[in-house]
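J.: Residues 50 to 106 (the numbering used here) make up the sequence shown, in order. The beta-carbon is built from N, C-alpha and C at its ideal position, and this holds for glycine as well. For clarity, every value in this text was computed on a predicted model and none was experimentally measured.
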Amino acid sequence: MPWRAGLTVADVLRERQFVFPLLVVSIDGVHVPRDAFATTAVPERAVVLVLHLMSGG
50 MPWRAGLTVA
60 DVLRERQFVF
70 PLLVVSIDGV
80 HVPRDAFATT
90 AVPERAVVLV
100 LHLMSGG
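This is the structure:
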């Protein structure tokens with residue numbers, strides 16, 4: 050997705066339609082806590098990794 054000034058993790062999740070409730074996010078290999086999604090800026094050219102946690106039985 051195109052980067053823009055002020056882009057946050059929450060913006061990325063919303064715009065890329067990640068709606069699964071259990072997500073783990075890292076930016077350039079650094080974990081981003083869930084309570085920081087709305088305030089953590091995504092730097093230009095950053096690698097954002099989003100993992101869906103799943104369980105089963």
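Give me, in chain order, the residues of the same chain whose beta-carbon lies closer than 8 Å to that of Leu-71; leave out the 5 immediate sequence neighbours on both sides.
T.: Locating residue 71 in the sequence shown gives position 22, counting from the first residue. Excluding sequence neighbours, Leu-71 sits near His-101, Leu-102 and Met-103.
J.: Under three-state DSSP, which class holds Val-97?
T.: If you number the sequence shown from 1, residue 97 lands on position 48. Reduced to three states, the DSSP call for Val-97 is strand.
J.: Since Ala-90 sits in a beta bridge, which residues does DSSP pair it with?
T.: Here residue 90 corresponds to residue number 41 of the sequence shown, with the count starting at 1. Beta-bridge pairing links Ala-90 to Thr-57.
J.: Report the CB separation of Val-81 from Val-74 in whole angstroms; it is logged as a contact under 8 Å.
T.: As a working mapping, residue 81 is identified with position 32 in the sequence shown. As a working mapping, residue 74 is identified with position 25 in the sequence shown. Contact holds; Cβ gap of about 5 Å.
J.: Count the other C-beta atoms from every protein chain shown that fall within 10 angstroms of the C-beta of Val-61, then say buried if there are 16 or more, exposed otherwise.
T.: Position 12 of the sequence shown, counted from the first residue, corresponds to residue 61. With 16 or more other Cβ atoms within 10 Å, it is buried.
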